[in-house]
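Notes for the one structure printed next.
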Amino acid sequence: MEKVAALQAFHPDIEKMPRERLRALQLTKLQSLLQHILGRNRFYTKKLKDAGVFPTKLRSLEDLSRFPFTQKTELVQAQEEDPPFGTNATYPASEYTRVHQTSGTTGSPLRVLDTQQSWDWWGSCWRHVYHGAGVTAADRIFLPFSFGPFIGFWAAAEGARQIGAMMIPGGGWDSLQRLRMMRDLEATVVCCTPTYALRLAEVAREEKFDLHSLRVHTLIHAGEPGANIAETKAKIEATWGAKCFDHAGASEVGAHSFECELQPGGIHVNESEFIAEVIDPRAGRKVSAGEVGELVITNLGRPGYPVIRYRTGDLVRVHSSPCSCGRTFVFLQGGLLGRIDDMVTIRGVNVYPTAIENVIRKFSAVSEFQVLVTLRNEMQHLEIQIEVHGDNAERVRTELEKTLYHALSLRTTVTLTEPGTLPHYELKARHFRRLDKTRTDKAG
Ligand SMILES: [Zn+2]
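Note that the sequence shown covers residues 47 to 490 in the working numbering.
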C-alpha cells in the first residue's frame, strides 16, 4: 500500500500537469489499486471476476471502459449481505478508523469506511478545494455542523487541519448563535450548503444582524448545486458580501471536484485522484464534450473503500476547451446540473432543476418554491408553487411564468401558495417533486 500512499501528497503543480502525464499517472495509480484490492476486497474480486476483467488486462486507460459500472444499489446490497459494513471492504474492520453514512435520500443509507490512510487522502483532496478558493493557513474556517454521520463537513475539517488553518466548530447551536460566533472569533471562511447560507442570511435579516460586519470573505458550498447556479450564487454573494465557491463530492467516492479562483462557471475534477467519465445514462456509452451525461467516477486513493466506474447519478457537461487558470483538470460547465432522477423531458426539451432554480432566483420576492412534475393530458407538465413576500404577488406570478417560458421554451403553471405552507429547508433543499413516477422510465 505504500506505493499508493506515496503518490498522494498534495502538490499544486499536479493540477497543471500536461494531460499526457496526468493520464499516465492515473493509469499507474489505477493498476496499483487494482492489484492491491483483488483477492482482498470481496466485492470487487467477485464483480471483476464475474465480468471477466483482470488488472493485468488494463494496459491503457481506454481499457477501463471494459470494466463494469458500479451502482449504488450494488453497494447497498453488498452491505446487506454482510452487515453492518458489507463486502466492499479491503481490510478487516479493525483497520478502519472512520465510518460515515450517506443521507439516504434515495433508498437505504449506505455506510462507508475509511482507514487512517484514506482519511488522510480525503483531507488531501480537500486541499485542492481550499487551494482553488484561495483559502490558506491564515484563514479561520467556520463549520456549522453537529457531530453526525454525514461525511462532508468532517472531510472539510480534516482538510482545514492539513492546510494548518484554524477550524471553528459551530455544532449544536442555532443560526443566530453561529452568526455571533463567526463575528466574535473573526471567521473568514464558512463551509455549508447553499441552502444553509441563504437560511443564515434570512436569520440575519430577521434578527437585524449585519452580515457585512463579519470578516467572512469566502463561502465553500457542497451538497447541492446552488453555488454554480448563477442567480443563486449572485444572491449568496450579495447578501454575504463574500465570494462563493462550489465543490462536489460524495461519501461513496470522495471530494472529487472544486472551483478555481477564476470562477469561470463550473468545477474542475481532481483528476490526480479520480478518473471521470461522462456517459449517456441509458446507453452507457461515453458522450462527447459539450453533451450532458452522467458523471462516472473511479477513485484512486481509497483502497479501503474503492469504487470503480461508479455511477454518481449526477448530470454534468464537460467544457471542450481548457480553463484559463492553467489547470489541465477537466472542467464541468455549470457544476453538477442536477440528479438524473430529477431531469424531465417535455416535448423533446430536457429540463434540469438547476435551470428552473436559476430563473426563480431572479425574483427576489419569491421566498420559497417547489417544482412539481405532474401529468397533464398524458404529458409531463411542470407546476411551480411559489411563496411571495410583499405586495404584487399576482404580478410576480405572471412575470415568472413568462420568464420561465422565455428561458426554457416551455409552458409551466405557476401558482401562489400561502406563506408558510411550502417546506422550509435548513440543510439541503428538495425543491423538485415528481408526481408522475409511474410514467417515468428509470434512468440506468
Ligand atoms: Zn480553472
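For each residue, glycine too, the CB sits at the ideal point set by N, CA and C.
Please classify residue i as buried or exposed, where buried requires at least 16 other C-beta atoms within 10 Å of its C-beta.
{"i": "V395", "result": "exposed"}
{"i": "R348", "result": "buried"}
{"i": "Q416", "result": "buried"}
{"i": "G436", "result": "exposed"}
{"i": "Q162", "result": "exposed"}
{"i": "E61", "result": "buried"}
{"i": "H258", "result": "exposed"}
{"i": "M425", "result": "exposed"}
{"i": "R105", "result": "exposed"}
{"i": "S370", "result": "exposed"}
{"i": "Q72", "result": "buried"}
{"i": "L246", "result": "buried"}
{"i": "R112", "result": "exposed"}
{"i": "A276", "result": "exposed"}
{"i": "N423", "result": "exposed"}
{"i": "A139", "result": "exposed"}
{"i": "F193", "result": "exposed"}
{"i": "N438", "result": "exposed"}
{"i": "A284", "result": "exposed"}
In whole angstroms, what is the alpha-carbon distance linking residue i and residue j?
{"i": "H452", "j": "T458", "result": "11 Å"}
{"i": "G178", "j": "M213", "result": "18 Å"}
{"i": "C524", "j": "P215", "result": "Since the displayed the chain opens at 47 and closes at 490, residue 524 lies outside it and no answer follows."}
{"i": "G490", "j": "R331", "result": "Summary for G490: the model assigns pLDDT 30, below 50, so the residue's position carries little reliability, and this model does not support an answer."}
{"i": "Q123", "j": "P399", "result": "29 Å"}
{"i": "P195", "j": "F304", "result": "23 Å"}
{"i": "V50", "j": "P469", "result": "For V50, the pLDDT reaches just 47, beneath the cut-off of 50, and the residue's location in the model is therefore unreliable, although a value from the coordinates is still provided. Approximately 46 Å, taken between the alpha carbons."}
{"i": "E429", "j": "F56", "result": "47 Å"}
{"i": "H365", "j": "G336", "result": "6 Å"}
{"i": "R407", "j": "R86", "result": "50 Å"}
{"i": "M63", "j": "T374", "result": "6 Å"}
{"i": "V145", "j": "V158", "result": "6 Å"}
{"i": "D292", "j": "V376", "result": "15 Å"}
{"i": "A211", "j": "A184", "result": "6 Å"}
{"i": "D189", "j": "V236", "result": "Rather than Asp, the amino acid found at residue 189 in this sequence is Leu. Straight-line Cα distance between these residues: approximately 6 Å."}
{"i": "A250", "j": "L260", "result": "11 Å"}
{"i": "V99", "j": "Q77", "result": "13 Å"}
{"i": "V181", "j": "A233", "result": "12 Å"}
{"i": "E307", "j": "Y176", "result": "10 Å"}
{"i": "F255", "j": "E248", "result": "10 Å"}
{"i": "Y142", "j": "D160", "result": "5 Å"}
{"i": "L481", "j": "E464", "result": "21 Å"}
{"i": "D96", "j": "F89", "result": "11 Å"}
{"i": "L325", "j": "L80", "result": "Per the sequence shown, residue 325 should be read as Ile rather than Leu. Those two C-alpha atoms are separated by around 22 Å."}
{"i": "R363", "j": "P327", "result": "13 Å"}
{"i": "D59", "j": "L68", "result": "11 Å"}
{"i": "Y242", "j": "D128", "result": "36 Å"}
{"i": "K103", "j": "G132", "result": "27 Å"}
Does ligand 1 have even one heavy atom less than 7 Å from the beta-carbon of residue i?
{"i": "L308", "result": "yes"}
{"i": "H477", "result": "no"}
{"i": "H435", "result": "no"}
{"i": "C371", "result": "yes"}
{"i": "H7", "result": "A query on residue 7 cannot be resolved here, the shown segment of the chain reaching from 47 to 490 and no further."}
{"i": "H314", "result": "yes"}
Following the continuous alpha helix (DSSP H) through residue i, name the residue where it begins and the one where it ends.
{"i": "M227", "result": "221-230"}
{"i": "P215", "result": "Unbroken run through P215 is the beta strand (DSSP E), 212-215; no alpha helix (DSSP H)."}
{"i": "T444", "result": "439-454"}
Does the distance between the C-beta of residue i and the nearest non-hydrogen atom of ligand 3 fall short of 7 Å?
{"i": "Q309", "result": "Looking for ligand 3 in the displayed structure turns up nothing; the ligands present are ligand 1."}
What are the start and end residues of the beta strand (DSSP E) that includes residue i?
{"i": "E429", "result": "425-434"}
{"i": "A411", "result": "Premise fails: A411 is in no beta strand (DSSP E) and is neither H nor E."}
{"i": "L462", "result": "459-462"}
{"i": "I321", "result": "320-325"}
{"i": "L341", "result": "338-345"}
{"i": "I83", "result": "Unbroken run through I83 is the alpha helix (DSSP H), 65-83; no beta strand (DSSP E)."}
{"i": "R479", "result": "478-480"}
{"i": "V390", "result": "390-392"}
{"i": "R363", "result": "356-363"}
{"i": "L468", "result": "Where L468 is concerned, there is no enclosing beta strand (DSSP E), given that its DSSP letter is neither H nor E."}
{"i": "L383", "result": "Premise fails: L383 is in no beta strand (DSSP E) and is neither H nor E."}
{"i": "F377", "result": "377-379"}
{"i": "N316", "result": "It is not in any beta strand (DSSP E) - N316 carries neither H nor E in the DSSP assignment."}
{"i": "N396", "result": "395-397"}
Taking CB distances under 8 Å as the criterion, tell me whether residue i reaches chain D.
{"i": "R480", "result": "The structure shown has no chain D; it contains just one protein chain."}
List in chain order: all unbroken beta strand (DSSP E) runs of 3+ residues lying wholly within the region 95-156. Qualifying beta strand (DSSP E) stretches, in chain order: 142-147.
I'd like the ranges of any alpha helix (DSSP H) spanning at least 4 consecutive residues and lying wholly in the region 228-312. Positions of the alpha helix (DSSP H) runs, each at least 4 residues long and wholly inside the region 228-312, are given as 240-252, 276-286 in order along the chain.
Every unbroken alpha helix (DSSP H) inside the region 155-200 [4 residues or more]: Qualifying alpha helix (DSSP H) stretches, in chain order: 162-178.
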